[in-house]
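Residue numbers (the numbering used here): 828 to 1161.
Listed below in structure tokens is the structure:
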């Protein structure tokens, strides 16, 4: 029997639909934001992820359940998800230079040092976007923005992370090519996006995947032991200028750069002039194919030897005689 929607949860066919605005009587501020972004700022997930909550009718604004993704909301509105209040926090993004020996966790049963011991109290609620194992060091981002975490962590987003790797044995270009080609590890198929040598024992590796201990496992498969692993770049952001154990808060403009077309790859950074082995191999193959299509101009002949021409048909003219031969024409007088 159709009836009035309950205060707890409406029936699926009784959900009130709005188009681009909240229900009548709702006051909006001068700068409303889209509902999916608001829920993401509440720490409920990425913008794509929270859209599922909206479409399932689990989001309520000022007492009205919403299913329209085009709904706007302001700080004056009362928003609940599954009956619980959802308040957007002030967006915060920190860049931390994690030292070696710290783990990415809020607490540890074995009483190991955690990255939160390096941060003031007002940042203890932030979650880390990605991890670095205990023996690794370098750039780590912490935030309360679910959309940023999704942008940096999910492989489908293509955000690059660049690492500096020091090994126990010398490496060569063949090692770099194998990293780019990929290999099977205990965590699955792992490959580098780009790789190049800085010296015999030091390499730079760029990843878009996020497998657990990926770089260490890849080098282990190739017979190397990683003695030092340091993340030096996430997207466009580099670690330079940030001391070990130090942190700084990113500006809004810096955060928005991660969502730009080049923000996840760092193409504008100085790393673009490094050799890209994958492209180099492709160019070599292309040049080889072109060389095979070329035909040598002097095949079967010595250099300087003319190509024999076709015999001319007989025309009835007398054969050419060498100069000075009997019967040849005399030189005409001047």
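All C-beta atoms in this analysis are idealised placements derived from N, C-alpha and C, irrespective of residue type, glycine included.
Residue i classed as buried or exposed, judged by whether at least 16 other C-beta atoms fall within 10 angstroms
i, result
"residue 1039", "exposed"
"residue 1046", "buried"
"residue 989", "buried"
"residue 999", "exposed"
"residue 1016", "exposed"
"residue 897", "exposed"
"residue 1080", "exposed"
"residue 858", "exposed"
"residue 934", "exposed"
"residue 1104", "For residue 1104, the predicted model reports a pLDDT of 43, less than 50, meaning its position is unreliable; a value from the coordinates is still stated below. When all chains shown are included, residue 1104 counts as buried."
For residue j and residue i, the rounded distance between their alpha carbons
i, j, result
"residue 965", "residue 1053", "15 Å"
"residue 982", "residue 893", "31 Å"
"residue 1008", "residue 1085", "27 Å"
"residue 951", "residue 1001", "44 Å"
"residue 974", "residue 1023", "31 Å"
"residue 1067", "residue 1059", "8 Å"
"residue 931", "residue 969", "10 Å"
"residue 961", "residue 1011", "24 Å"
"residue 985", "residue 937", "35 Å"
"residue 957", "residue 910", "30 Å"
"residue 1077", "residue 928", "25 Å"
"residue 881", "residue 871", "12 Å"
"residue 1087", "residue 1057", "25 Å"
"residue 1089", "residue 1064", "11 Å"
"residue 1069", "residue 913", "34 Å"
"residue 1041", "residue 1027", "21 Å"
"residue 991", "residue 1037", "16 Å"
Own chain partners of residue i with C-beta closer than 6 Å, once the 5 adjacent residues on each side are dropped
i, result
"residue 1082", "920"
"residue 863", "874, 877 and 878"
"residue 972", "918"
"residue 1029", "993"
"residue 1018", "1009"
"residue 1075", "922"
"residue 855", "Its pLDDT being 37, under 50, residue 855 is placed unreliably in this model, and the coordinates cannot settle the point."
Cβ of residue i within 8 Å of any chain B Cβ
i, result
"residue 931", "Of the protein chains in this structure there is only one, and it is not chain B."
Cβ-based neighbour list, residue i, same chain, cut-off 7 Å, excluding 5 preceding and 5 following
i, result
"residue 925", "942, 959, 964, 965 and 967"
"residue 860", "899 and 900"
"residue 1049", "1002 and 1005"
"residue 1025", "1031"
"residue 1073", "924"
"residue 1013", "1044"
"residue 868", "915, 916, 918 and 972"
"residue 1162", "Any property of residue 1162 remains undetermined from this structure, which presents the chain solely from 828 to 1161."
"residue 1055", "993"
Contacting residues, own chain, Cβ-Cβ under 8 Å from residue i (five flanking each side not counted)
i, result
"residue 987", "1020, 1033, 1034, 1035, 1060, 1061, 1062, 1091, 1092 and 1093"
"residue 1051", "994, 995, 996, 998 and 1002"
"residue 953", "919, 921, 946, 969, 970 and 971"
"residue 940", "928, 929 and 930"
"residue 955", "931, 942, 967, 968 and 969"
Open item on the list: Quick check for students: name the residue ranges of the alpha helix (DSSP H) that lie wholly in the segment 907-989, counting only runs of 4 or more.
Closed with: Runs found: 973-980.
TODO: Pair every Cβ in the segment 939-947 with every Cβ in the segment 974-982, then say whether three or more of these pairs are closer than 8 Å.
DONE: At 8 Å Cβ cutoff, the stretches do not touch.
- [ ] Taking only runs that begin and end inside the segment 994-1052, name each unbroken beta strand (DSSP E) of 3 or more residues, in chain order.
- [x] Considered as a whole, the segment 994-1052 harbours 1010-1012, 1015-1017, 1021-1024 and 1029-1034 as its complete beta strand (DSSP E) runs of no fewer than 3 residues, in chain order.
Open item on the list: Three Cβ pairs or more, each shorter than 8 Å: is that satisfied between the segment 881-890 and the segment 903-913?
Closed with: Yes: the two stretches touch, three or more of their Cβ pairs being nearer than 8 Å.
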